[in-house]
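Asker: Mind looking over this structure? Questions follow.
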Amino acid sequence: MPSESDVSEMLKEIGLDTVDSLYSGIPGKLRKQQLDLDHHISEYELIKRAESIAGENRWNNYINFLGCGSYDRIVPASVDHIISRSEFITSYTPYQPEVSQGMLQSLFEYQSTICDLTEMDVTNSSMYDGVTGIAEAVRMAHRVNGKSKVLVPETLYDSRLAVIESYMEGLPSKIEKYRINRETGYIDLEDLASRVDNNTSCILVENPNGMGVLDPNVTKVQEIKKGALMISFTDPISLGAVKPPGSYGVDISIMEGQSLGIHQNFGGPFLGIMSFRKEYVRKSPGRIIGQTQDHNGKRAFVMTLQTREQHIRREKATSNICSNQALMALASLSYLSIIGSGGLRKLALVTINNSIKLKKALSAVSTKAVPVSGTLFSDVPVHVRKPNDLADSLRKNMIQGGVPLSLLSRELSGEFPDTFFFSVTEKTGQSDIDKFAKAIEVVL
Amino acid sequence: MSYRQASYDEPLIRDMESGTTYELPGETGDAQSAIPEELRRDELRLPGVAEYDVVRHFTRLSQMNYGVDLGFYPLGSCTMKFNPKYADAISSFESFRDSHPLSDQSLVQGNLRIMYELQEYLREISDMDAVSLQPLAGAHGEFTGILIVRKYFEKSGELDRRTEIIVPDSAHGTNPASAAMAGFDVREVPSGDDGTVDVEALRKLVTEKTAAFMITNPNTLGIFEHNIGEIASIFHEKGALLYYDGANFNAILGHTSPGLMGFDIVHFNLHKTFATPHGGGGPGSGPIAVKERLKEFLPVPLVEKSSTGYAFNYDLKSSVGKVSSFYGAFGVLLRAWAYITKNGSDGLMKNSLTAVLNTNYIRARLSGHYSIPFKKEKMHELVLSSSNTGRKALDIAKYILDSGMHPPTVYFPLIVRESMMIEPTETVSKHDLDTYCDLLISGARAGQPELEKHPVSTPVSRIDEVRAARDLKLNWRG
Chain A
55 MPSESDVSEM
65 LKEIGLDTVD
75 SLYSGIPGKL
85 RKQQLDLDHH
95 ISEYELIKRA
105 ESIAGENRWN
115 NYINFLGCGS
125 YDRIVPASVD
135 HIISRSEFIT
145 SYTPYQPEVS
155 QGMLQSLFEY
165 QSTICDLTEM
175 DVTNSSMYDG
185 VTGIAEAVRM
195 AHRVNGKSKV
205 LVPETLYDSR
215 LAVIESYMEG
225 LPSKIEKYRI
235 NRETGYIDLE
245 DLASRVDNNT
255 SCILVENPNG
265 MGVLDPNVTK
275 VQEIKKGALM
285 ISFTDPISLG
295 AVKPPGSYGV
305 DISIMEGQSL
315 GIHQNFGGPF
325 LGIMSFRKEY
335 VRKSPGRIIG
345 QTQDHNGKRA
355 FVMTLQTREQ
365 HIRREKATSN
375 ICSNQALMAL
385 ASLSYLSIIG
395 SGGLRKLALV
405 TINNSIKLKK
415 ALSAVSTKAV
425 PVSGTLFSDV
435 PVHVRKPNDL
445 ADSLRKNMIQ
455 GGVPLSLLSR
465 ELSGEFPDTF
475 FFSVTEKTGQ
485 SDIDKFAKAI
495 EVVL
Chain B
9 MSYRQASYDE
19 PLIRDMESGT
29 TYELPGETGD
39 AQSAIPEELR
49 RDELRLPGVA
59 EYDVVRHFTR
69 LSQMNYGVDL
79 GFYPLGSCTM
89 KFNPKYADAI
99 SSFESFRDSH
109 PLSDQSLVQG
119 NLRIMYELQE
129 YLREISDMDA
139 VSLQPLAGAH
149 GEFTGILIVR
159 KYFEKSGELD
169 RRTEIIVPDS
179 AHGTNPASAA
189 MAGFDVREVP
199 SGDDGTVDVE
209 ALRKLVTEKT
219 AAFMITNPNT
229 LGIFEHNIGE
239 IASIFHEKGA
249 LLYYDGANFN
259 AILGHTSPGL
269 MGFDIVHFNL
279 HKTFATPHGG
289 GGPGSGPIAV
299 KERLKEFLPV
309 PLVEKSSTGY
319 AFNYDLKSSV
329 GKVSSFYGAF
339 GVLLRAWAYI
349 TKNGSDGLMK
359 NSLTAVLNTN
369 YIRARLSGHY
379 SIPFKKEKMH
389 ELVLSSSNTG
399 RKALDIAKYI
409 LDSGMHPPTV
419 YFPLIVRESM
429 MIEPTETVSK
439 HDLDTYCDLL
449 ISGARAGQPE
459 LEKHPVSTPV
469 SRIDEVRAAR
479 DLKLNWRG
């Protein structure tokens, strides 16, 4: 900021007497009389105030069994370090590629790594979060085939459905739900097949789905999809041990990347990961990084296919995306690079194993506690006989968890009444599970 | 010029096999056999690199990346101001950073208080009545705002005929793109000779089909739309709504406001005006604010305060629903809260004033060297044209790269030929402003063959963007 003597020199150069006249172009009646906020404070006072407010959060003392879209997983210190590098965090979208090769190469590596993880052809350089990613995928499917029926599983959370509906406001499309099997929790393929017609634009499959179930039937949807595009929403950690979307006919793959080295941050910033078949690349939303050369033939990276984007195509753009989640993409790339294939595989298996342990701990009390038979990944649905006592018992035992199905999917909770989710990750220890079992025993 | 960016022949991480070293806890038990056979994965090929090599790889890559912490970055329309480190520090408090969005509200009162206070700050700054923090970027805020326009007319039974949204020809590309995404037809109004909206042309465009007008003020030419009061009346008389694109809020914070100008819906770019880092493209954050009569249409939930504490309110009569997973980019909201709390009313007003002063100083220093179209008085940014110099904006931009400073935005707005858009912000010294102006002047005078050699101080020379789009190579598989 210029000093006082600088200011007077600058005003002289500009040809003004006072700084106030800089605003002379604003009509007087539009001038704000007063900005009714406190005056500035020192950094020390600010930090004190922030610490005091942070102290009003009380979750820290609780054992965590919350999940359902946001997961408490290990974040290697190196990941936080890498995304805190000021050259990365304080840079803008790489409009000048020659001074931005670091971020551009990182994003190219991100796109590549995600393609390897999902076995999809192309990955863009990120979407806002998983849910807006699904919504953009639905729009993209409509651009590809012009059809209008959108099939989603009845396990899809209401909050996610609401985001998709928001994004479909300007389209002629209609959403229809298909059923899951009440015992296994798998897609009811017969029901789904009966709903697929010539006007079906896309079919969304989840794996694991909204009941927490790893669903083998997702691999059979390609046989009944007809002209529709298949969109998958998968947990990226699960792909350490579970078949990737590219292997079962998925056209657009979406994942929520928060699990990949990104802190939960009370729900954001997260990371939307979008991949698709290469024939759809020109219909796709978002920024994409490509490899090319400089004028001396040296390898270089650059934002490409920008003619799809808003700053060039304006109202004809494939999406309005400008800012994305580049730094979060870098976090997920660092994370995957640090833990490697073996690490991701272990995380997937530990998550399944902990889900099994939790289920076992419940079966000791009630064999009907978990209402679906399919293998669970992270989110474990629990049927509770005394729902009114649940919150109390959890609080007494200092446990966070028990997201009600009625909050996530109101309609489905009619089929699975008094069902609450308890979620595990690699952080969940045996002693946590023991404490959980004790807390829940009294309400099962 | 003695600047050199680091230059490594950095391999792709895939080619750096040094063996994973990071250890993870937990037992896998019989998990493998619990996976249904059809779903078992046989092969996975992630990079297998030691943690120390991963850190070295990305540290080397970071050194081939320019950021605000390295120097002046006056990218027009992007408000690349210094990102205060206290905001990063606060956002990394474990109690904030690791909190779960579905925690019982009684356990996250601190988070809710931050959100509530930020809502209140933004209300006061914009002179609007209600705020939603949910949108995750500026364009996402625009889209949410236009959904509100839709819902508003749906409720009044006028949506069938209100099919058009008007934007100025100088608008950000996101404006028409967001309007189209929400299902509206886009009409463009030309700018007049002084660079502001041609009010007479606008009058002819506004009909019973008009749903809304999207505009930023000051506009993308850095000029205050002094007719904004009259423009607001034109739309309001026809029953249409006024949308304020807050990308240029840094010009006016505390001095005027969209509420005073007559706007109905506003979005903020926290990553611009409120100094949160851009992260190489994101995350951003794009809260929106509305007038009282539109509050019922906001996305849910809002944070409210009562005698028992802070709580989410999901009960809005005609809400557009949800536009993202949870409540917004909380990690970014925290930083913006910190910036506003730290700066206070006096600091915020001074920041805007200084940004405007810096812009006009650049304008004064460069006039005579570049053509500066439209009105003389600029706000937070200015648009030059290099047409008069016989040099291309792109060539001058590449020349500046070799100075260790960042070039302006080039070729936007589209209505000025060979445009160079400069937004200095308030976080720059006069010394750096002078250096930058000298550079621009010497760039305009440099010989064409000399200009075309630049950049030479970067790890790569000029990049073949045409090849990138023609021979698509979008991942390392080819």
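Which chain is which? The protein sequence lines are A and B, in order. To convert a position in the first sequence, counted from 1, into this note's numbering, add 54. To convert a position in the second sequence, counted from 1, into this note's numbering, add 8. Where is the CB? At the ideal position from N, CA and C, for every residue including glycine.
Contact criterion: CB-CB distance below 8 Å. Does residue 466 (chain B) meet it with respect to chain E?
Answerer: Here the protein chains are A and B, and chain E is not one of them.
Asker: Residues of chain A with CB under 8 Å from residue 326 (chain B), in chain order?
Answerer: As a working mapping, residue 326 (chain B) is identified with position 318 in the second sequence. Under the 8 Å cutoff, chain A gives no residues; its nearest Cβ is about 13 Å from residue 326 (chain B).
Asker: Could you tell me if residue 158 (chain B) is buried or exposed, where buried requires 16 or more neighbouring beta carbons within 10 angstroms of its beta carbon?
Answerer: Position 150 of the second sequence holds residue 158 (chain B). Under this definition residue 158 (chain B) is a buried residue.
Asker: Could you tell me the alpha carbon to alpha carbon distance between residue 238 (chain B) and residue 435 (chain B), rounded to whole angstroms?
Answerer: Along the second sequence, read from residue 1 onward, the residue named residue 238 (chain B) stands at position 230. Along the second sequence, read from residue 1 onward, the residue named residue 435 (chain B) stands at position 427. Rounded to the nearest angstrom, the two C-alpha atoms are 34 Å apart.
Asker: Which of helix, strand or coil does DSSP assign to residue 437 (chain A)?
Answerer: As a working mapping, residue 437 (chain A) is identified with position 383 in the first sequence. The answer is strand: DSSP assigns residue 437 (chain A) an E or B state.
Asker: Taking only beta-carbon positions, decide if residue 472 (chain B) is within less than 8 Å of chain A.
Answerer: As a first step, residue 472 (chain B) is located in the second sequence; it is residue number 464 there, counting from the start. So yes, residue 472 (chain B) belongs to the interface.
Asker: Quick one: list the residues of chain B neighbouring residue 348 (chain A), beta-carbon separation under 8 Å, in chain order.
Answerer: In the first sequence, counting from the first residue as 1, residue 348 (chain A) sits at position 294. Simply 468, 469, 470, 471 and 472.
Asker: Where in the region 96 to 184 of chain A do unbroken runs of the alpha helix (DSSP H), each at least 4 residues long, occur, reported from the N-terminal end onward?
Answerer: 97 to 108, 131 to 138, 140 to 143 and 155 to 172
Asker: According to a CB-to-CB cut-off of less than 8 Å, which residues of the region 410 to 426 of chain A neighbour chain B?
Answerer: 410 and 411
Asker: So, are the CB atoms of residue 220 (chain B) and residue 248 (chain B) less than 8 Å apart?
Answerer: Against the second sequence, residue 220 (chain B) aligns to sequence position 212. Against the second sequence, residue 248 (chain B) aligns to sequence position 240. Result yes, Cβ atoms of residue 220 (chain B) and residue 248 (chain B) sit closer than 8 Å.
Asker: Measure the beta-carbon distance from residue 451 (chain A) to residue 493 (chain A) and round it to whole angstroms, keeping in mind my assumption that it falls under 8 Å.
Answerer: The count along the first sequence starts at 1 and reaches residue 451 (chain A) at position 397. The count along the first sequence starts at 1 and reaches residue 493 (chain A) at position 439. Rounded, the Cβ-Cβ distance is 4 Å, consistent with contact.
Asker: Using Cβ-Cβ distances below 9 Å, what residues of the region 141 to 153 of chain A are close to chain B?
Answerer: Of all residues in the region 141 to 153 of chain A, 141, 142, 143, 144, 145, 146, 147, 148, 149, 150, 151, 152 and 153 have a Cβ within less than 9 Å of some Cβ in chain B.
Asker: How would you call residue 421 (chain A), buried or exposed, if buried means at least 16 neighbouring beta carbons within 10 angstroms?
Answerer: As a position in the first sequence, residue 421 (chain A) is number 367, starting the count at 1. Exposed, since its Cβ has fewer than 16 Cβ neighbours within 10 Å.
Asker: Could you tell me whether the Cβ of residue 365 (chain A) comes closer than 8 Å to any Cβ of chain B?
Answerer: Taking the first residue of the first sequence as position 1, residue 365 (chain A) is located at position 311. Closer than 8 Å to some Cβ of chain B, the Cβ of residue 365 (chain A) qualifies, so yes.
Asker: Quick one: measure Cβ to Cβ for residue 207 (chain A) and residue 241 (chain A), integer angstroms, because I've assumed they're closer than 8 Å.
Answerer: The count along the first sequence starts at 1 and reaches residue 207 (chain A) at position 153. The count along the first sequence starts at 1 and reaches residue 241 (chain A) at position 187. Between residue 241 (chain A) and residue 207 (chain A) the Cβ distance is about 7 Å, and since that is below 8 Å, they are a contact.
Asker: What number of angstroms, rounded off, separates the C-alpha of residue 296 (chain A) from the C-alpha of residue 472 (chain A)?
Answerer: Here residue 296 (chain A) refers to the residue found at position 242 of the first sequence. Here residue 472 (chain A) refers to the residue found at position 418 of the first sequence. Their backbone Cα atoms lie some 30 Å apart in a straight line.
Asker: Is the separation between the beta-carbon of residue 292 (chain A) and that of residue 402 (chain A) shorter than 8 Å?
Answerer: Walking along the first sequence from the start, residue 292 (chain A) turns up at place 238. Walking along the first sequence from the start, residue 402 (chain A) turns up at place 348. Yes; because the gap between Cβ atoms is below 8 Å, this pair is in contact.
Asker: Does the count of Cβ pairs from the region 180 to 192 of chain A and the region 327 to 342 of chain B closer than 8 Å reach three?
Answerer: yes
Asker: On the premise that residue 178 (chain B) lies in contact with residue 500 (chain B), defined as a C-beta separation below 8 Å, what is that separation, rounded to the nearest angstrom?
Answerer: Nothing can be reported for residue 500 (chain B): it is not among the residues displayed for chain B, which extend from 9 to 486.
Asker: Identify every residue that forms a DSSP beta bridge with residue 356 (chain A).
Answerer: As a first step, residue 356 (chain A) is located in the first sequence; it is residue number 302 there, counting from the start. Residue 356 (chain A) pairs with A:344.
Asker: Would you kindly work out how many angstroms separate the C-alpha atoms of residue 210 (chain A) and residue 435 (chain A), rounded to a whole number?
Answerer: As a first step, residue 210 (chain A) must be located in the first sequence, where it is residue number 156. As a first step, residue 435 (chain A) must be located in the first sequence, where it is residue number 381. Taking the straight line joining both Cα atoms gives about 14 Å.
Asker: Mind checking residue 96 (chain B): buried by the 16 CB within 10 Å criterion, or exposed?
Answerer: To locate residue 96 (chain B), count along the second sequence from 1; it is residue 88. Buried, since its Cβ has 16 or more Cβ neighbours within 10 Å.
Asker: Using only alpha-carbon positions, find the residue among A:175, A:249 and A:301 that is nearest to residue 274 (chain A).
Answerer: The residue you call residue 274 (chain A) lines up with position 220 of the first sequence. Out of A:175, A:249 and A:301, A:301 has the C-alpha closest to the C-alpha of residue 274 (chain A).
Asker: So, under 8 Å CB-CB, residue 253 (chain B) and residue 150 (chain B) are touching, yes? Tell me the CB distance rounded to an integer number of Å.
Answerer: Here residue 253 (chain B) refers to the residue found at position 245 of the second sequence. Here residue 150 (chain B) refers to the residue found at position 142 of the second sequence. About 7 Å separates the two Cβ atoms, so the contact holds.
Asker: Pull up the distance between the alpha-carbon of residue 333 (chain A) and that of residue 174 (chain A), whole angstroms please.
Answerer: By one-based count along the first sequence, residue 333 (chain A) stands at place 279. By one-based count along the first sequence, residue 174 (chain A) stands at place 120. About 12 Å.
Asker: Going straight from the alpha carbon of residue 430 (chain B) to that of residue 280 (chain B), what length do you get?
Answerer: Indexing the second sequence from 1 puts residue 430 (chain B) at position 422. Indexing the second sequence from 1 puts residue 280 (chain B) at position 272. If I take the Cα positions, the gap works out to 14 Å.
Asker: Give the straight-line distance between the Cα atoms of residue 173 (chain B) and residue 267 (chain B), rounded to the nearest whole angstrom.
Answerer: Start at 1 with the first residue of the second sequence, and residue 173 (chain B) comes out as number 165. Start at 1 with the first residue of the second sequence, and residue 267 (chain B) comes out as number 259. Cα to Cα, the separation comes out at about 20 Å.
Asker: Quick one, which residues of the region 396 to 411 of chain A are near chain B if we go by CB-CB under 9 Å, in chain order?
Answerer: 396, 397, 398, 399, 400, 401, 402, 403, 404, 405, 406, 407, 408, 409, 410 and 411
Asker: Residue 241 (chain B) lies in the alpha helix (DSSP H); which residues open and close that run?
Answerer: Numbered from its first residue, the second sequence carries residue 241 (chain B) at position 233. Per DSSP, residue 241 (chain B) belongs to the alpha helix (DSSP H) from 236 to 245.
Asker: For the alpha helix (DSSP H) that residue 459 (chain B) lies in, which residues bound it at each end?
Answerer: For this step, residue 459 (chain B) is matched to residue 451 along the second sequence. Element bounds for residue 459 (chain B): 456 to 460.
Asker: Nearest-angstrom Cα distance between residue 193 (chain B) and residue 218 (chain B)?
Answerer: For the purposes of this step, residue 193 (chain B) is taken as residue 185 along the second sequence, with counting starting at 1. For the purposes of this step, residue 218 (chain B) is taken as residue 210 along the second sequence, with counting starting at 1. Residue 193 (chain B) and residue 218 (chain B) have their C-alpha atoms roughly 10 Å apart.
Asker: Which residue's Cα is closest to the Cα of residue 374 (chain A): A:382, A:384 and A:361?
Answerer: On the first sequence, position 320 is the one that residue 374 (chain A) refers to. The shortest C-alpha separation from residue 374 (chain A) is found at A:361.
Asker: So, at 7 Å on beta carbons, what are the nonlocal neighbours of residue 161 (chain A) in its own chain, with the 5 sequence-adjacent residues on each side left out?
Answerer: The count along the first sequence starts at 1 and reaches residue 161 (chain A) at position 107. Correct list, in chain order: 179, 343, 380 and 383.
Asker: Consider the Cβ of residue 134 (chain B): report whether some Cβ of chain A lies at a distance smaller than 8 Å.
Answerer: Along the second sequence, read from residue 1 onward, the residue named residue 134 (chain B) stands at position 126. Answer no: the Cβ-Cβ gap between residue 134 (chain B) and chain A never drops below 8 Å.
Asker: Which residues in chain B have a C-beta closer than 8 Å to the C-beta of residue 183 (chain A)? List them in chain order.
Answerer: Translated into the one-based positions of the first sequence, residue 183 (chain A) becomes position 129. Chain B residues near residue 183 (chain A): 144, 332 and 333.
Asker: Threshold first: 4 residues or longer. Then list the alpha helix (DSSP H) segments lying entirely within the region 390 to 460 of chain B, N to C.
Answerer: Secondary structure in the region 390 to 460 of chain B: the alpha helix (DSSP H) runs of 4 residues or longer, each lying completely within the stretch, are 401 to 409, 438 to 453 and 456 to 460 in chain order.
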